[in-house]
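A short worksheet on the structure shown next.
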Amino acid sequence: MKITIVLGAFLPVPPIMGGAVEKVWFALGQEFARRGHEVTQISRARPQFPERETIEGVRHLRIAGFDTPASLLWLKFFDLVYSVRTKRRLPRADIIVTNTFWLPLFLRNSRWGKLYVHIGRFPKRQMCLYQHAARLQTPSRAVADAVAKEVPKLKAKIVAIPYPRLETNGSTGERATVEREKNILFVGRVHPEKGVHLLIDAFANAAAPLFFAWNLIIVGPTENRYGGGGERYLDQLRRSATRSAGRVHFRGAIFDPVALSNEYRQAQIFAYPSLAEKGESFGLAPLEAMAHGCAVIVSDLACFHDFIRDGETGIVFNHRGSDPAGALRAKLAALVGNETGRSQ
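Numbering of the sequence shown is given in the working numbering, commencing with residue 2 and proceeding in unit increments.
What follows is the structure, encoded as C-alpha coordinates:
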(Lines of atoms letter the chains of each structure in order from A and count residues from 1; the text may use other names and numbers.)
(Lines give C-alpha, C1' and ligand atoms only; values in the text may rest on other atoms or scores of the structure.)
Protein backbone atom coordinates (compact mmCIF):
# COMPACT_ATOMS: atom_id res chain seq x y z
CA MET A 1 0.00 0.00 0.00
CA LYS A 2 0.93 3.64 -0.37
CA ILE A 3 0.92 5.24 3.09
CA THR A 4 1.37 8.93 3.85
CA ILE A 5 2.13 9.97 7.44
CA VAL A 6 1.74 13.69 8.19
CA LEU A 7 3.15 14.84 11.51
CA GLY A 8 2.58 18.21 13.14
CA ALA A 9 3.92 21.70 12.54
CA PHE A 10 6.11 21.96 15.63
CA LEU A 11 8.50 19.00 15.96
CA PRO A 12 10.67 17.37 13.28
CA VAL A 13 11.66 13.82 12.50
CA PRO A 14 14.07 12.28 13.13
CA PRO A 15 12.86 13.34 16.61
CA ILE A 16 15.82 15.57 17.50
CA MET A 17 13.48 17.81 19.55
CA GLY A 18 11.64 14.96 21.27
CA GLY A 19 7.92 14.26 21.09
CA ALA A 20 6.22 10.93 21.80
CA VAL A 21 4.08 11.07 18.65
CA GLU A 22 7.11 11.89 16.52
CA LYS A 23 9.18 9.08 18.07
CA VAL A 24 6.45 6.52 17.54
CA TRP A 25 5.43 7.38 13.98
CA PHE A 26 9.05 7.79 12.86
CA ALA A 27 9.63 4.19 14.00
CA LEU A 28 6.31 2.90 12.64
CA GLY A 29 6.98 4.42 9.23
CA GLN A 30 10.19 2.42 9.00
CA GLU A 31 8.39 -0.73 10.12
CA PHE A 32 5.74 -0.24 7.42
CA ALA A 33 8.52 0.18 4.83
CA ARG A 34 10.24 -3.01 6.03
CA ARG A 35 6.97 -4.83 5.44
CA GLY A 36 6.90 -3.75 1.82
CA HIS A 37 4.71 -0.64 1.91
CA GLU A 38 5.52 2.59 0.09
CA VAL A 39 5.76 5.19 2.85
CA THR A 40 6.02 8.97 2.65
CA GLN A 41 6.47 10.91 5.88
CA ILE A 42 5.84 14.66 6.04
CA SER A 43 7.14 16.71 8.96
CA ARG A 44 8.46 20.08 10.05
CA ALA A 45 11.51 21.36 8.18
CA ARG A 46 14.71 22.09 10.07
CA PRO A 47 17.95 23.64 8.73
CA GLN A 48 20.00 20.50 9.41
CA PHE A 49 17.68 18.28 7.34
CA PRO A 50 17.24 18.30 3.55
CA GLU A 51 13.80 19.01 2.13
CA ARG A 52 13.70 15.49 0.71
CA GLU A 53 15.57 12.35 1.72
CA THR A 54 15.05 8.62 2.23
CA ILE A 55 15.69 7.02 5.63
CA GLU A 56 15.35 3.24 6.07
CA GLY A 57 13.10 3.02 3.03
CA VAL A 58 10.83 5.92 4.06
CA ARG A 59 10.64 8.97 1.79
CA HIS A 60 10.72 12.15 3.86
CA LEU A 61 9.30 15.49 2.77
CA ARG A 62 9.73 18.49 5.04
CA ILE A 63 7.47 21.54 5.20
CA ALA A 64 8.22 24.86 6.91
CA GLY A 65 6.73 24.81 10.41
CA PHE A 66 6.92 26.77 13.64
CA ASP A 67 8.23 26.76 17.19
CA THR A 68 5.54 25.84 19.71
CA PRO A 69 3.85 29.08 20.87
CA ALA A 70 2.63 29.71 24.41
CA SER A 71 -0.80 30.78 23.13
CA LEU A 72 -3.30 28.08 22.15
CA LEU A 73 -4.85 30.48 19.64
CA TRP A 74 -1.53 30.98 17.87
CA LEU A 75 -0.89 27.23 18.01
CA LYS A 76 -4.11 26.54 16.11
CA PHE A 77 -3.33 29.31 13.61
CA PHE A 78 0.16 27.95 12.93
CA ASP A 79 -1.29 24.46 12.55
CA LEU A 80 -3.71 25.84 9.95
CA VAL A 81 -0.92 27.51 7.96
CA TYR A 82 1.15 24.31 8.07
CA SER A 83 -1.85 22.21 7.02
CA VAL A 84 -2.51 24.43 3.99
CA ARG A 85 1.15 24.20 2.98
CA THR A 86 1.12 20.44 3.43
CA LYS A 87 -2.05 19.80 1.42
CA ARG A 88 -0.40 21.33 -1.65
CA ARG A 89 2.41 18.74 -1.45
CA LEU A 90 0.49 15.56 -0.66
CA PRO A 91 1.17 12.52 -2.84
CA ARG A 92 -1.54 10.10 -3.89
CA ALA A 93 -1.95 7.32 -1.35
CA ASP A 94 -4.14 4.49 -0.12
CA ILE A 95 -4.01 5.65 3.52
CA ILE A 96 -3.12 9.00 5.06
CA VAL A 97 -2.29 9.21 8.77
CA THR A 98 -2.16 12.54 10.60
CA ASN A 99 -2.25 13.99 14.10
CA THR A 100 -2.72 17.60 12.97
CA PHE A 101 -5.79 19.60 14.01
CA TRP A 102 -6.82 21.17 10.69
CA LEU A 103 -5.51 18.91 7.93
CA PRO A 104 -8.24 16.25 8.30
CA LEU A 105 -10.84 18.87 7.37
CA PHE A 106 -9.20 19.29 3.97
CA LEU A 107 -8.86 15.57 3.22
CA ARG A 108 -12.17 14.68 1.63
CA ASN A 109 -10.84 13.41 -1.68
CA SER A 110 -10.09 9.71 -2.02
CA ARG A 111 -6.93 10.40 -4.01
CA TRP A 112 -5.16 11.30 -0.74
CA GLY A 113 -6.18 7.93 0.74
CA LYS A 114 -8.48 6.80 3.51
CA LEU A 115 -8.17 9.17 6.45
CA TYR A 116 -6.67 7.74 9.65
CA VAL A 117 -6.70 10.38 12.41
CA HIS A 118 -4.28 9.78 15.27
CA ILE A 119 -5.64 11.49 18.40
CA GLY A 120 -2.65 11.96 20.68
CA ARG A 121 -4.40 14.13 23.28
CA PHE A 122 -7.79 14.26 24.95
CA PRO A 123 -10.41 15.73 22.58
CA LYS A 124 -11.62 19.30 22.99
CA ARG A 125 -14.94 19.19 21.16
CA GLN A 126 -13.34 18.96 17.72
CA MET A 127 -14.17 15.30 17.02
CA CYS A 128 -17.37 16.23 15.17
CA LEU A 129 -15.13 17.74 12.49
CA TYR A 130 -13.68 14.32 11.65
CA GLN A 131 -16.87 12.40 10.87
CA HIS A 132 -15.61 11.61 7.37
CA ALA A 133 -12.50 9.82 8.71
CA ALA A 134 -12.16 6.09 8.14
CA ARG A 135 -10.56 5.57 11.56
CA LEU A 136 -10.06 7.54 14.77
CA GLN A 137 -7.14 5.99 16.65
CA THR A 138 -6.10 6.78 20.21
CA PRO A 139 -3.14 5.48 22.24
CA SER A 140 -5.23 4.60 25.31
CA ARG A 141 -8.71 3.44 26.27
CA ALA A 142 -9.16 6.58 28.37
CA VAL A 143 -8.83 8.81 25.31
CA ALA A 144 -10.96 6.43 23.22
CA ASP A 145 -13.75 6.68 25.79
CA ALA A 146 -13.50 10.48 25.75
CA VAL A 147 -13.74 10.54 21.95
CA ALA A 148 -16.75 8.20 22.02
CA LYS A 149 -18.42 10.48 24.54
CA GLU A 150 -18.02 13.44 22.18
CA VAL A 151 -19.18 11.62 19.06
CA PRO A 152 -21.20 8.51 20.05
CA LYS A 153 -22.29 7.86 16.48
CA LEU A 154 -18.64 7.37 15.44
CA LYS A 155 -17.98 4.70 18.06
CA ALA A 156 -17.48 2.01 15.41
CA LYS A 157 -14.61 4.03 13.92
CA ILE A 158 -12.75 4.50 17.21
CA VAL A 159 -9.93 2.15 18.16
CA ALA A 160 -7.39 2.26 21.00
CA ILE A 161 -3.94 1.00 19.97
CA PRO A 162 -1.19 1.67 22.53
CA TYR A 163 2.19 3.00 21.53
CA PRO A 164 4.75 0.25 20.97
CA ARG A 165 7.87 -0.19 23.01
CA LEU A 166 10.61 1.51 21.02
CA GLU A 167 13.84 -0.44 20.73
CA THR A 168 16.95 1.42 21.89
CA ASN A 169 20.32 0.31 23.18
CA GLY A 170 19.80 -1.00 26.67
CA SER A 171 16.03 -1.51 26.53
CA THR A 172 16.32 -5.16 27.41
CA GLY A 173 13.70 -5.22 30.13
CA GLU A 174 16.16 -6.38 32.80
CA ARG A 175 14.93 -5.35 36.23
CA ALA A 176 16.51 -2.76 38.49
CA THR A 177 19.32 -4.16 40.62
CA VAL A 178 21.68 -2.95 43.31
CA GLU A 179 24.39 -2.54 40.63
CA ARG A 180 22.53 0.48 39.27
CA GLU A 181 23.03 3.95 40.67
CA LYS A 182 20.67 5.02 43.44
CA ASN A 183 18.89 7.35 41.06
CA ILE A 184 15.25 8.36 40.86
CA LEU A 185 14.63 9.54 37.31
CA PHE A 186 12.07 11.78 35.62
CA VAL A 187 11.99 12.16 31.83
CA GLY A 188 9.56 14.53 30.17
CA ARG A 189 8.72 18.16 29.59
CA VAL A 190 9.65 20.19 32.64
CA HIS A 191 6.23 21.81 32.94
CA PRO A 192 3.75 22.26 35.81
CA GLU A 193 1.28 19.83 34.24
CA LYS A 194 3.91 17.09 34.50
CA GLY A 195 4.03 17.51 38.29
CA VAL A 196 7.80 18.00 38.48
CA HIS A 197 7.33 20.36 41.45
CA LEU A 198 5.52 17.57 43.33
CA LEU A 199 8.40 15.20 42.71
CA ILE A 200 11.04 17.65 43.90
CA ASP A 201 8.92 18.56 46.93
CA ALA A 202 8.45 14.87 47.77
CA PHE A 203 12.17 14.18 47.45
CA ALA A 204 13.71 17.34 48.92
CA ASN A 205 11.43 17.48 51.97
CA ALA A 206 11.91 13.84 52.92
CA ALA A 207 13.41 13.55 56.37
CA ALA A 208 13.74 9.78 56.12
CA PRO A 209 17.42 8.69 56.07
CA LEU A 210 16.54 6.25 53.29
CA PHE A 211 16.70 9.12 50.77
CA PHE A 212 20.10 10.32 51.92
CA ALA A 213 22.09 8.18 49.48
CA TRP A 214 19.74 8.79 46.56
CA ASN A 215 19.77 11.36 43.75
CA LEU A 216 16.87 12.77 41.77
CA ILE A 217 17.62 13.23 38.07
CA ILE A 218 15.37 15.54 36.03
CA VAL A 219 15.69 15.10 32.26
CA GLY A 220 13.67 17.24 29.89
CA PRO A 221 13.32 20.62 28.20
CA THR A 222 12.25 23.73 30.08
CA GLU A 223 12.06 26.03 27.05
CA ASN A 224 8.60 27.13 25.97
CA ARG A 225 9.31 26.22 22.34
CA TYR A 226 9.74 22.59 23.40
CA GLY A 227 6.61 22.65 25.54
CA GLY A 228 8.45 23.33 28.80
CA GLY A 229 7.33 25.59 31.61
CA GLY A 230 9.96 28.27 31.00
CA GLU A 231 12.67 29.86 33.12
CA ARG A 232 10.29 31.04 35.85
CA TYR A 233 9.15 27.48 36.52
CA LEU A 234 12.73 26.19 36.43
CA ASP A 235 13.76 28.84 38.98
CA GLN A 236 10.90 27.70 41.23
CA LEU A 237 12.09 24.11 40.98
CA ARG A 238 15.68 25.05 41.75
CA ARG A 239 14.61 26.94 44.86
CA SER A 240 12.67 23.90 46.05
CA ALA A 241 15.64 21.66 45.30
CA THR A 242 17.98 23.60 47.59
CA ARG A 243 16.63 21.59 50.52
CA SER A 244 18.07 18.40 49.02
CA ALA A 245 21.73 19.26 49.71
CA GLY A 246 22.67 19.08 46.04
CA ARG A 247 21.00 15.75 45.30
CA VAL A 248 18.57 17.08 42.66
CA HIS A 249 20.23 17.30 39.24
CA PHE A 250 18.75 19.05 36.19
CA ARG A 251 20.16 17.41 33.07
CA GLY A 252 18.19 19.47 30.55
CA ALA A 253 16.78 17.98 27.37
CA ILE A 254 18.35 14.75 26.10
CA PHE A 255 17.05 13.89 22.65
CA ASP A 256 19.80 11.48 21.62
CA PRO A 257 18.27 8.00 22.08
CA VAL A 258 21.51 6.35 23.20
CA ALA A 259 22.27 9.02 25.80
CA LEU A 260 18.68 8.88 27.03
CA SER A 261 18.87 5.09 27.24
CA ASN A 262 21.93 5.45 29.46
CA GLU A 263 19.95 7.62 31.89
CA TYR A 264 17.25 4.96 32.10
CA ARG A 265 19.79 2.17 32.63
CA GLN A 266 21.49 4.04 35.46
CA ALA A 267 18.23 4.60 37.37
CA GLN A 268 16.50 2.19 39.74
CA ILE A 269 13.25 4.15 40.05
CA PHE A 270 11.34 6.17 37.46
CA ALA A 271 8.76 8.69 38.70
CA TYR A 272 6.17 10.32 36.45
CA PRO A 273 3.77 12.41 38.58
CA SER A 274 1.76 13.92 35.73
CA LEU A 275 -1.20 16.12 36.67
CA ALA A 276 -2.48 16.50 33.10
CA GLU A 277 -5.96 15.04 33.53
CA LYS A 278 -6.98 16.01 29.99
CA GLY A 279 -3.53 16.27 28.44
CA GLU A 280 -1.79 12.97 29.16
CA SER A 281 -3.01 10.45 26.61
CA PHE A 282 -0.66 7.50 27.15
CA GLY A 283 2.69 8.14 28.82
CA LEU A 284 5.44 6.83 26.56
CA ALA A 285 8.19 7.69 29.07
CA PRO A 286 6.93 5.29 31.79
CA LEU A 287 6.71 2.54 29.17
CA GLU A 288 10.29 3.24 28.06
CA ALA A 289 11.39 3.17 31.71
CA MET A 290 9.73 -0.22 32.21
CA ALA A 291 11.49 -1.50 29.08
CA HIS A 292 14.79 -0.44 30.65
CA GLY A 293 14.06 -2.29 33.89
CA CYS A 294 13.16 0.65 36.14
CA ALA A 295 10.59 0.37 38.91
CA VAL A 296 7.90 2.88 37.91
CA ILE A 297 5.74 5.23 40.01
CA VAL A 298 2.99 7.20 38.26
CA SER A 299 0.03 9.37 39.21
CA ASP A 300 -3.48 7.92 39.07
CA LEU A 301 -4.34 9.13 35.56
CA ALA A 302 -6.65 6.84 33.60
CA CYS A 303 -4.29 6.64 30.62
CA PHE A 304 -1.70 4.77 32.71
CA HIS A 305 -4.16 2.05 33.70
CA ASP A 306 -3.73 0.33 30.32
CA PHE A 307 -0.24 -0.89 31.22
CA ILE A 308 0.40 -0.14 34.91
CA ARG A 309 -1.40 -2.21 37.54
CA ASP A 310 -0.76 -0.85 41.02
CA GLY A 311 1.45 -3.20 43.02
CA GLU A 312 2.01 -5.53 40.05
CA THR A 313 3.59 -3.76 37.08
CA GLY A 314 4.19 -0.45 38.85
CA ILE A 315 3.18 1.83 41.70
CA VAL A 316 0.34 4.39 41.56
CA PHE A 317 -0.02 7.34 43.94
CA ASN A 318 -3.08 9.49 44.56
CA HIS A 319 -2.37 12.87 42.97
CA ARG A 320 -5.89 14.19 43.62
CA GLY A 321 -5.78 14.21 47.44
CA SER A 322 -5.10 17.10 49.79
CA ASP A 323 -1.36 16.30 49.97
CA PRO A 324 -0.21 14.80 46.65
CA ALA A 325 3.46 15.45 47.39
CA GLY A 326 3.10 13.57 50.67
CA ALA A 327 1.37 10.68 48.90
CA LEU A 328 4.20 10.51 46.36
CA ARG A 329 6.80 10.75 49.13
CA ALA A 330 5.27 7.79 50.95
CA LYS A 331 5.31 5.64 47.80
CA LEU A 332 8.91 6.62 47.04
CA ALA A 333 10.00 5.86 50.60
CA ALA A 334 8.34 2.44 50.50
CA LEU A 335 10.05 1.59 47.22
CA VAL A 336 13.45 2.95 48.25
CA GLY A 337 13.30 0.82 51.39
CA ASN A 338 12.29 -2.33 49.52
CA GLU A 339 15.13 -3.63 47.38
CA THR A 340 13.19 -6.80 46.55
CA GLY A 341 10.19 -4.79 45.41
CA ARG A 342 12.35 -2.65 43.12
CA SER A 343 13.78 -5.70 41.40
CA GLN A 344 10.48 -7.50 40.79
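All residues carry an ideal CB built from backbone N, CA and C; glycine is no exception.
Owing to the predicted nature of the structure, the values given are computational and were not obtained by experimental measurement.
{"Query": "Beta-carbon gap between S300 and L336 smaller than 8 Å", "Result": "no"}
{"Query": "Separation of P193 from S241, as counted between CA atoms", "Result": "14 Å"}
{"Query": "Whole-number beta carbon distance between R248 and N206, since they are thought to touch under 8 Å", "Result": "In fact, because the Cβ distance is near 12 Å, the residues do not count as touching under 8 Å."}
{"Query": "Pairwise C-alpha distance: G221 and G359", "Result": "Not covered by the structure: residue 359. The range shown for the chain is 2 to 345."}
{"Query": "Supposed contact pair F204 and I218 - C-beta distance, whole angstroms, cut 8 Å", "Result": "Not quite, the Cβ-Cβ distance comes to about 11 Å (not below 8 Å), so this is no contact."}
{"Query": "Beta-carbon proximity list for L106, same chain, < 7 Å, skipping 5 on both sides", "Result": "L130"}
{"Query": "C-beta contact flag for A94 and W113 at 8 Å", "Result": "yes"}
{"Query": "Identity of the residue in V297, H306, Q49, V25 nearest L329 by Cα", "Result": "V297"}
{"Query": "Among G37, F50, A10, F11, the one whose alpha carbon lies nearest that of I4", "Result": "G37"}
{"Query": "Bridge partner(s) assigned by DSSP for S42", "Result": "Just to set this straight, residue 42 is Gln in the shown sequence, not Ser. Answer by DSSP bridge pairing, in chain order: I6, H61."}
{"Query": "Distance between R122 and E278 (C-alpha atoms, nearest Å)", "Result": "10 Å"}
{"Query": "E184, DSSP secondary structure in three states", "Result": "It is worth fixing the name first, because residue 184 is Asn in this sequence and not Glu. Three-state result, N184: strand."}
{"Query": "Distance CB(R60)-CB(R45) smaller than 8 Å", "Result": "no"}
{"Query": "Assigned exposure category for L74 - 16 Cβ within 10 Å defines buried", "Result": "exposed"}
{"Query": "Cα-Cα separation, G9 to R89", "Result": "15 Å"}
{"Query": "Meets three-Cβ-pair contact criterion under 8 Å: the region 319-326 and the region 300-311", "Result": "yes"}
{"Query": "Within 8 Å, strictly: CB atoms of R142 and A161", "Result": "yes"}
{"Query": "Beta-carbon gap between Y273 and A254 smaller than 8 Å", "Result": "no"}
{"Query": "First and last residue of the uninterrupted alpha helix (DSSP H) at L235", "Result": "231-242"}
{"Query": "N100, DSSP secondary structure in three states", "Result": "coil"}
{"Query": "6 Å Cβ shell around E54 - same chain, five flanking residues per side excluded", "Result": "H61"}
{"Query": "Residue burial classification, T314 (beta-carbon count within 10 angstroms, cutoff 16)", "Result": "exposed"}
{"Query": "Whole-Å CB distance - H293 paired with S262, under 8 Å assumed", "Result": "7 Å"}
{"Query": "Own chain partners of L81 with C-beta closer than 7 Å, once the 5 adjacent residues on each side are dropped", "Result": "W103"}
{"Query": "Coarse secondary structure for Q269, derived from DSSP in three states", "Result": "coil"}
{"Query": "One or two residues paired with T55 in a DSSP bridge", "Result": "R60"}
{"Query": "Close beta carbons around V14, own chain, < 7 Å, minus the five adjacent residues each side", "Result": "L8, E23, F27, Q42, S44"}
{"Query": "Buried versus exposed call for K332 [16 or more other C-beta atoms within 10 Å across all chains shown]", "Result": "buried"}
{"Query": "Range of the contiguous alpha helix (DSSP H) that encloses K115", "Result": "K115 -> not in any alpha helix (DSSP H); beta strand (DSSP E) instead, spanning 115-119."}
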